[in-house]
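K.L.:
This structure is in structure tokens; I'll ask about it shortly.
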DNA sequence: TATAGTATCAAACATTTGTTTTAATCATTT
DNA sequence: AAATGATTAAAACAAATGTTTGATACTATA
């Protein structure tokens, strides 16, 4: 009768475990293969539950996907803070480095740390009905945060279009290493990105971007600070 | 009996027209929706031919896709030269600008000019069995060309990893505006990229990258030229 | 223990989609 | 005109996949 009281079945698992298991597994599979190429059967087989469980607990495939997004957003915001230990009073160079390191890790990292980031990255290239919500709740706030750092780096009164384009350059570089992974693997026989490679990539993108934005600031928009 | 003699049916079209029409239409649809999300029925309906025509002329869906890639590569290499009117003796700054302008146009441009580029961009994010061939025949040559420009810009004896990473930064920025189009549309109410926007994007990426690579050269790798 | 509500399961259903079949049509050659 | 080979067309087939059904098992409560 009470929602908080869990039943236990013969295997010692509560019914909620089935729901949770689907949620976890679906997050992995959706992040890896995208919404459309993921089958309910694959999720259920991998989670060890009956096919009908998805319909019972989430209504349909889209309902499951939305629940996964919600769950993963909640976890990501709680467990993986956006600013990797930097304060807003830190110099913008430091903040940009932290932003890029966080962004790259959330996309390229192994395991749970990248679950939400990869789901977001999937929405970029294969939008679902959730894209509108995703943009407003996640992508826009992130882009606004990045833009404020870039604006600060660009110095006095930069054109808003310059801010947008420079921010896009930063994000574009980060996403590339995820999207191009199959190509990079073939171009350079590089099998996978470990923590070492991810750090090197983040450092490069930060350096590259700071050089570029710094030059924009000097040659176009007056002095920084 | 002779291959060069075409039959004409009641509508005044030669049989080869059916093949050609499928090839053209399939190129559009594949470039727009990707291999997996494209249905033979959609192609045939859009091309105004019978469903069985694909099987008759190309064997199966994969055969059609491979024929499209081959055809589009042939057309692209013939009609849209890689170096937008620049000579290899031009200064590397000019060559990078030309490379980026060409690359961005081949990806973001409207109509036929972007057909092959978008098919390639699709292979990045949704690889097919053709990816190995695509990498060796198209992506690697292009990346090698870009790398040689970047290497020249970086000055004496740059580290090969720096060359690779800087080249990746350039390509990543370009691809972003294609992949992120649905997001950009929502973030800035920007409905589409016209020739004006494409030029602005190309100019920005070139400037951003030249600033960055220039700073790498000055601070890391000795003097240019 | 009996009952009611919840959860699980095997099976079936309906739709989509790549593929094949078989007949008809068309153009060329004899 | 007849025959032949090439092409087109409608229909059916088979597999994949999201969804639903109806029965069964389980747990908490009375």
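Chains as they are written, first to last, in our numbering: chain A, 1 to 225; chain B, 226 to 450. We treat Cβ as the ideally placed atom computed from N, Cα and C, and that holds for glycine. Quick caveat, the model's predicted, so the values are computed rather than measured.
1) Between A/192, A/155, A/198, which lies nearest to residue 219 of chain A when the distance is taken from Cα to Cα?
2) Are the C-beta of residue 44 of chain A and some C-beta of chain B separated by less than 9 Å?
3) The alpha helix (DSSP H) spanning residue 369 of chain B covers which residue range?
4) What ranges does the alpha helix (DSSP H) occupy inside the segment 19 to 79 of chain A, keeping only unbroken runs of at least 4 residues that lie completely in it?
5) I'd like to know if residue 348 of chain B contacts chain A, where contact means its C-beta is closer than 9 Å to some C-beta of that chain.
6) Quick one: what does DSSP say residue 9 of chain A is sitting in, helix, strand or coil?
7) Alpha helix (DSSP H) containing residue 116 of chain A: first to last residue?
8) For the segment 107 to 139 of chain A, which residues have a beta carbon sitting closer than 7 Å to at least one beta carbon of chain B?
9) Could you tell me whether the segment 307 to 322 of chain B touches the segment 357 to 374 of chain B, using the rule of 3 or more Cβ pairs below 8 Å?
10) Assuming residue 108 of chain A and residue 205 of chain A make a contact with CB atoms under 8 Å, what is their CB distance in whole Å?
11) DSSP three-state call for residue 197 of chain A: helix, strand or coil?
12) Would you report the Cα separation of residue 439 of chain B and residue 170 of chain A, rounded to the nearest angstrom?
13) Tell me the DSSP secondary structure of residue 203 of chain A in three-state form.
14) Specify, as a first and last residue, the run of the alpha helix (DSSP H) that residue 162 of chain A falls within.
15) What are the boundary residues of the alpha helix (DSSP H) that residue 93 of chain A is part of?
16) Is the Cβ of residue 39 of chain A closer than 9 Å to any Cβ of chain B?
17) Which of helix, strand or coil does DSSP assign to residue 444 of chain B?
18) Report yes or no: do the segment 121 to 128 of chain A and the segment 95 to 103 of chain A share at least 3 C-beta pairs separated by less than 8 Å?
19) Of all Cβ atoms in chain A, is any one closer than 9 Å to the Cβ of residue 407 of chain B?
20) Check whether the segment 335 to 346 of chain B touches the segment 384 to 404 of chain B, taking contact to mean three or more Cβ pairs, one atom from each stretch, closer than 8 Å.
21) With burial defined as no fewer than 16 other Cβ atoms inside 10 Å of the residue's Cβ, what is the status of residue 436 of chain B: buried or exposed?
22) What residue range is occupied by the uninterrupted alpha helix (DSSP H) comprising residue 359 of chain B?
23) Once the 5 residues before and after residue 447 of chain B are set aside, which same chain residues still bring their CB inside 8 Å of it?
24) Please confirm if residue 447 of chain B has its CB atom under 9 Å from at least one CB of chain A.
25) So what's residue 1 of chain A in DSSP terms, helix, strand or just coil?
26) Quick one: measure Cβ to Cβ for residue 41 of chain A and residue 51 of chain A, integer angstroms, because I've assumed they're closer than 8 Å.
27) Using three-state DSSP, classify residue 434 of chain B as helix, strand or coil.
28) For the segment 429 to 442 of chain B, which residues have a CB atom closer than 9 Å to at least one CB atom of chain A, in sequence order?
29) When you compare the CB of residue 36 of chain A with every CB in chain B, is at least one pair closer than 9 Å?
P.N.:
Working from what's here:
1) The count along the first chain starts at 1 and reaches residue 219 of chain A at position 219. Residue 219 of chain A has its Cα closest to that of A/155, out of A/192, A/155, A/198.
2) Within the first chain, the letter at position 44 stands for residue 44 of chain A. No, no contact with chain B.
3) What you label residue 369 of chain B is simply residue 144 of the second chain in a count that begins at 1. Segment 365 to 379, the alpha helix (DSSP H) holding residue 369 of chain B.
4) 40 to 47, 52 to 58, 61 to 79
5) Here residue 348 of chain B refers to the residue found at position 123 when the second chain is read from its first residue. Yes, its Cβ sits closer than 9 Å to a Cβ of chain A.
6) Residue mapping note: residue 9 of chain A aligns to position 9 of the first chain, counting from 1. Any reading at residue 9 of chain A needs caution, since the residue's pLDDT is 39, under 50, leaving its predicted position unreliable; the model's value is listed next. In this structure, residue 9 of chain A counts as coil in the three-state DSSP scheme.
7) Taking the first residue of the first chain as position 1, residue 116 of chain A is located at position 116. Counting along the chain, the alpha helix (DSSP H) containing residue 116 of chain A begins and ends at 115 to 125.
8) 124, 125, 127, 131, 132, 135, 139
9) yes
10) Stepping through the first chain from its first residue, residue 108 of chain A is reached at position 108. Stepping through the first chain from its first residue, residue 205 of chain A is reached at position 205. In fact, because the Cβ distance is near 11 Å, the residues do not count as touching under 8 Å.
11) The residue you call residue 197 of chain A lines up with position 197 of the first chain. In the structure shown, residue 197 of chain A sits in a helix (DSSP, three-state: H, G or I).
12) Your numbering for residue 439 of chain B matches position 214 in the second chain. Your numbering for residue 170 of chain A matches position 170 in the first chain. So the two alpha carbons sit approximately 17 Å from each other.
13) Along the first chain, one-based indexing puts residue 203 of chain A at 203. Helix at residue 203 of chain A.
14) Taking the first chain and counting its residues from 1, one reaches residue 162 of chain A at position 162. From DSSP, the alpha helix (DSSP H) with residue 162 of chain A extends over 160 to 179.
15) The residue you call residue 93 of chain A lines up with position 93 of the first chain. Its alpha helix (DSSP H) spans residues 92 to 108.
16) Reading the first chain from its first residue, position 39 is the one you call residue 39 of chain A. So no, residue 39 of chain A is outside the interface.
17) The count along the second chain starts at 1 and reaches residue 444 of chain B at position 219. Correct three-state label for residue 444 of chain B: helix.
18) no
19) On the second chain, position 182 is the one that residue 407 of chain B refers to. Yes - at least one Cβ of chain A is within 9 Å of the one on residue 407 of chain B.
20) yes
21) In the second chain, the residue the question calls residue 436 of chain B occupies position 211. When all chains shown are included, residue 436 of chain B counts as buried.
22) Locating residue 359 of chain B in the second chain gives position 134, where the first residue counts as 1. Counting along the chain, the alpha helix (DSSP H) containing residue 359 of chain B begins and ends at 356 to 359.
23) Locating residue 447 of chain B in the second chain gives position 222, counting from the first residue. Here the model assigns residue 447 of chain B a pLDDT of 44, short of 50, so the residue's position is not dependable, and the following value carries that caveat. So the list reads 380, 381, 382, once near-sequence residues are dropped.
24) Translated into positions along the second chain, residue 447 of chain B becomes position 222. Bear in mind that the predicted position of residue 447 of chain B carries a pLDDT of just 44, short of 50, making it too unreliable to give a figure here.
25) The residue you call residue 1 of chain A lines up with position 1 of the first chain. Only weak support is given to the placement of residue 1 of chain A: the predicted model assigns it a pLDDT of 26, under 50, and the value that follows is read from those uncertain coordinates. Looking at residue 1 of chain A - three-state DSSP - the assignment turns out to be coil, as it is neither helix nor strand.
26) As a working mapping, residue 41 of chain A is identified with position 41 in the first chain. As a working mapping, residue 51 of chain A is identified with position 51 in the first chain. Indeed, because the Cβ distance is near 6 Å, the residues count as touching under 8 Å.
27) Numbered from 1 along the second chain, position 209 holds the residue referred to as residue 434 of chain B. Helix at residue 434 of chain B.
28) 429, 430, 432, 433, 434, 435, 436, 437, 438, 439, 440, 441
29) Taking the first residue of the first chain as 1, we reach residue 36 of chain A at position 36. Output row for residue 36 of chain A: interface = yes.
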